[in-house]
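Chains as they are written, first to last, in our numbering: chain L, 415 to 1145; chain D, 73 to 474.
Take a look at the structure:
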């Protein structure tokens, strides 16, 4: 066998080993060449009577990450080309045939008559795990890094190489659907408990155990090809099926608001496939797979959540000339909630932290935050006491700025007040070793003006962590007018150590994320004042794809803060910059009723000691009009929520705050949960087309006010038929 | 166009739809045969005149499957020339069977036909026929499928019917049914179910609980909380009607229709066939209609179909003396009363399915008969019969005494 991506050996006992080890790649992926070679190998083994069976194993530290998503993109390009040359119908057929090739190869392996064993160490995901599922026996290593799973749904795809059909034949339907919906990466024990793998073995014994299974005379036949096979939950049309499927459909809607075609396709493929013999079931799965590959959601989700996020994580915006910053110890000034949380994530990633506050007591309280977070993890069985001890050993509380002397980076996270920040910056500078980068963590104050307090503004940068820091994956890095490449690189290197995703923005009021979020919250306020029932404001926002309703979100942030921001905006930009209806609403809530949000147990919601929060019954009294919900256009409301944010994102591009559409998209999804199925704020606009978006803005502006008026940039792009992604690559 | 007259109506008593119910030992065919045989015997019906037997059945599988109407026509000794057809419009099947029979007569293609229905819920089981709607993602998702009880709770929440209001309605249904039975208001139509020896198996509606009061209902826990929360249906309801923050679960076994077994049959014919059979018409079918309604609320079809029907018939709500609105759930009737601003004194005056039960495929023809008997008893003229239907539909019929 002459193979490039695999090594193929047959031992004296007649057991073949196919070692997947692609040259010039650190991780095995499924490519056209891999498919060709796998197909040849399967056929070779079928025709070689001396070969009893085959072990497939990786020559690398991981098994494989799955299919090369670039290959999928290539199929789309081929489709467009064929459609243009031979017509849509031919193109569709070729696309379908092409995209199901992997599924057919796996099926050929499964029905080849020779036993195949997958021996898995490290990561084995997506199309690679589908290969394992097609094998007759699966052994995974007890390596802590071993993970198996079908994460396709997370990027808008779905397991189209037999994954849905084999999982629903291995597991009870409810569990199988949950596994497919969640797309989780499973550890060895979990995978075994779920019946997705057969054995767990030490890494060193993987190959031998796999060989032994073949030598024991096991047959190469899948259980579902036995005519007596019954799927674990029985037939779809059965009393059990009647218990499972209605709830499965409802839970799909609950979890996705019916916004994710790939998740729905999983349901379809499972429901239809369970009623068919395997070969037909796989064909139906392929039909759904081809359909999903053609959806806008898959295209934009792959781009933002896989490609762009990966690029940003790898430092797409990092000044390349700068050497990697050596950050062993970070100084954090301000041990309040934000500072303490940053200290926690730094320590979690093995970085020493000097955690400074005005008093030793305050600094200790900051460290105690990490103790609590780790204790919660221990209680959930996700960490051990030793992990907590190790983490806490990294955090050194202090009330003395002198400890900054050996820090490689200093971050202040003190109160959001110019005077307080200015004093902190000056005191810190005096204690820091020369040349150390200083970062201000702020969500509101312009970095350029803060940097004026620092003698070397080129070494000064803004870092905006989102709360809660331990959960939020996004960090905004803000370049002040004078921020230098070294400071920017240092901030990005630090964020990479924290395994978070950075976006780099230029200085402006609210930077990027908060500008969009403020618009979102305002739209909720205004709808309420128009007379839309509060519950409808919240529910429709979630139906639009947002994780939290605007009123609930405002409660989390605090209503008095929203009120203060409004007053500051008015002071800085004039009363025209503030919507009187919104001001009236916040004024009444905060100043008349003392409703400040979750922090005092009453905001838009009430927060009883027992039971879930519920909307404050007094909200209806604040509405001068009451609209009949049955007459309201839900689609229109959904658009208002998304458009107000996307439009603001476009304005940040126009203002030069955002310079790369990938950052706007990834930042919007990770930073404030902007409807992920849209691919993010700018992909939402590109997805419908800029001209269409401009028309939508015009329509909304006419109906709801000039805040929806499209900005000049959009009008210009519409005229030139540009998109944000084409615009940027042309630039 | 020929007129369709109602010549007679019979129904079985309704047996509790469980294995300890009196009619559990009687097959679906046996129930249908009881009704058809009674209709034949008590009218000395010349079955040569009968052109068709149309029976509603909602779960036509197993013993109720195939074509139960043809089987029952044969076992009821109508003669081999009388064909049969089974139809399914879920809960309105029995009423639609009557409407179909009327339509055959009105069209002039048939002279006499029987419409009715049968359901042995204790033997076949609710939902036994399956179907795509609740399970196939292709229809379940876009139609916001929910179990009916959750739709009923959604109606109560949306239109503001409290637990007290729905319970009070249920108490009234029980009390009206008990009074009606006591006064013999059903005597004209109810035919006992007998065994092979002629011994009576059941001659009264078995599901009623006349002693029901607010206190006894207050002790019952809402039935659909767990389904809504764990089955995901609560979220489905809110996505269909997002102005609702959370469902108010008010329905339980005591204010929902009872699960029962039973059968019914209505003899429909044109004037000539009636004369030939020597029968006097009791009423005429003035108009009927079907409609699709919002599928998440599912059970508000009676409101929509009533509006459509009144318009078609050139009538208004005040032209109707009596209403039979099937008591699938208390909120269904309360919504109907609210939508038309109706007085309870004109609606379900002899109680309904909350007290006496709802043998799915048979109910429509049963309550049409109840309305007819009551018109005659009270000397009134016009009644409207309507039922809510799964998947969001409504069927209604207006009858008028002659």
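Backbone N, C-alpha and C fix where the C-beta goes; we use that ideal spot for every residue, glycine too.
Within chain D, the residues that residue i reaches when beta carbons sit closer than 8 Å
i                       : result
residue 678 of chain L  : 209, 213
residue 1043 of chain L : 313, 314, 315
Proximal chain L residues relative to residue i, where beta-carbon distance stays under 9 Å
i                      : result
residue 331 of chain D : Near residue 331 of chain D there are no residues of chain L at all, since even the closest Cβ is about 16 Å away, more than 9 Å.
residue 369 of chain D : By Cβ distance, chain L contributes nothing, its closest Cβ being about 10 Å from residue 369 of chain D, past 9 Å.
Distance, residue j Cα to residue i Cα
i                      : j                       : result
residue 426 of chain L : residue 452 of chain L  : 22 Å
residue 430 of chain D : residue 444 of chain D  : 18 Å
residue 366 of chain D : residue 830 of chain L  : 51 Å
residue 402 of chain D : residue 187 of chain D  : 27 Å
residue 391 of chain L : residue 668 of chain L  : No answer is possible for residue 391 of chain L: it lies beyond the span of chain L, which begins at 415 and ends at 1145.
residue 715 of chain L : residue 1092 of chain L : 7 Å
residue 909 of chain L : residue 916 of chain L  : 7 Å
residue 474 of chain L : residue 440 of chain L  : 7 Å
residue 805 of chain L : residue 794 of chain L  : 17 Å
residue 253 of chain D : residue 959 of chain L  : 55 Å
Within chain L, partners of residue i - CB distance below 7 Å
i                      : result
residue 317 of chain D : 949, 1028, 1029
residue 221 of chain D : Ordered by position in chain L, no residue passes the 7 Å Cβ test against residue 221 of chain D, which lies about 13 Å from the chain.
Per-residue contacts from residue i into chain D (C-beta, under 7 Å)
i                       : result
residue 681 of chain L  : 209
residue 655 of chain L  : 207
residue 650 of chain L  : 207
residue 957 of chain L  : 311, 314
residue 1047 of chain L : Going along chain D, no residue has its Cβ under 7 Å from residue 1047 of chain L, so there is no contact; the nearest lies around 12 Å.
residue 1009 of chain L : Residues of chain D passing the Cβ test: none, with the nearest at roughly 17 Å.
residue 673 of chain L  : Chain D residues near residue 673 of chain L: none, gap ~11 Å exceeds 7 Å.
Cutoff 8 Å; reference residue i; Cβ partners in own chain excluding five residues on either side
i                      : result
residue 597 of chain L : 563, 564, 565, 566, 567, 568
residue 446 of chain D : 257, 394, 421, 422, 452, 455
residue 617 of chain L : 535, 555, 556, 557
Top-ranked residue by Cα proximity to residue i, from the options
i                       : options                      : result
residue 912 of chain L  : L:762, L:576, L:973          : L:762
residue 394 of chain D  : D:93, D:472, D:205           : D:472
residue 117 of chain D  : D:132, D:79, D:85            : D:79
residue 311 of chain D  : L:1011, L:1138, L:953, L:974 : L:953
residue 730 of chain L  : L:454, L:703, L:918          : L:918
residue 635 of chain L  : L:545, L:717, L:525          : L:525
residue 1147 of chain L : L:473, L:1029, L:506, L:523  : Examination of residue 1147 of chain L is not possible in this model, given that chain L is present from 415 through 1145 alone.
residue 748 of chain L  : L:464, L:465, L:1033, L:776  : L:776
residue 334 of chain D  : D:136, D:125, D:77           : D:136
residue 825 of chain L  : L:873, L:797, L:798          : L:873
residue 424 of chain L  : L:438, L:445, L:455, L:443   : L:455
residue 392 of chain D  : D:418, D:408, D:410, D:368   : D:418
residue 752 of chain L  : L:621, L:880, L:845          : L:880
Residues near residue i in its chain [Cβ-Cβ closer than 6 Å; skip 5 each side]
i                       : result
residue 1090 of chain L : 1083
residue 250 of chain D  : 282
residue 1129 of chain L : none
residue 1138 of chain L : 1075, 1096, 1100
residue 1143 of chain L : Any answer about residue 1143 of chain L is weak, because its pLDDT of 45 lies below 50 and its placement is not dependable; what the coordinates show is given next. Hits under 6 Å: none found.
Within chain D, the residues that residue i reaches when beta carbons sit closer than 9 Å
i                       : result
residue 1060 of chain L : None at all; the shortest Cβ gap to chain D is about 21 Å.
residue 659 of chain L  : 206, 207, 208, 209, 212
Cut-off 7 Å between Cβ atoms - residues of its own chain near residue i, not counting five sequence neighbours on either side
i                      : result
residue 148 of chain D : 105, 108, 109, 112
residue 121 of chain D : 183, 184, 345, 348, 349
residue 931 of chain L : 1086
residue 797 of chain L : 788, 791
residue 967 of chain L : 935
Cross-chain neighbours of residue i in chain L, by beta carbon under 8 Å
i                      : result
residue 217 of chain D : 660, 663, 664
residue 199 of chain D : 656
message: Between the segment 934-950 of chain L and the segment 1035-1052 of chain L, can you find at least three pairs of beta-carbon atoms closer than 8 Å?
response: Judged by pairs of C-beta atoms under 8 Å, the segment 1035-1052 of chain L touches the segment 934-950 of chain L, as three or more such pairs exist.
message: For the pair the segment 447-464 of chain D and the segment 174-192 of chain D, tell me if three or more CB-CB distances fall below 8 Å.
response: No, because fewer than three Cβ pairs between the segment 447-464 of chain D and the segment 174-192 of chain D fall closer than 8 Å, the two stretches do not touch.
field: Members of the segment 296-329 of chain D near chain B, C-beta cut-off 7 Å
entry: No chain B is present in this structure, whose protein chains are L and D.
field: Stretch-stretch touch, CB-based, cutoff 8 Å, three pairs: the segment 214-222 of chain D with the segment 288-308 of chain D
entry: Note that the segment 214-222 of chain D touches the segment 288-308 of chain D; at least 3 beta-carbon pairs, one per stretch, sit closer than 8 Å.
query: Okay, do the segment 675-695 of chain L and the segment 311-326 of chain D touch, 3+ Cβ pairs below 8 Å being the bar?
result: Three or more Cβ pairs closer than 8 Å define a contact, and the segment 675-695 of chain L falls short of that threshold against the segment 311-326 of chain D.
message: Three or more C-beta pairs under 8 Å: does that hold for the segment 690-703 of chain L against the segment 572-591 of chain L?
response: Judged by Cβ distances under 8 Å, the segment 690-703 of chain L makes contact with the segment 572-591 of chain L, as three or more pairs qualify.
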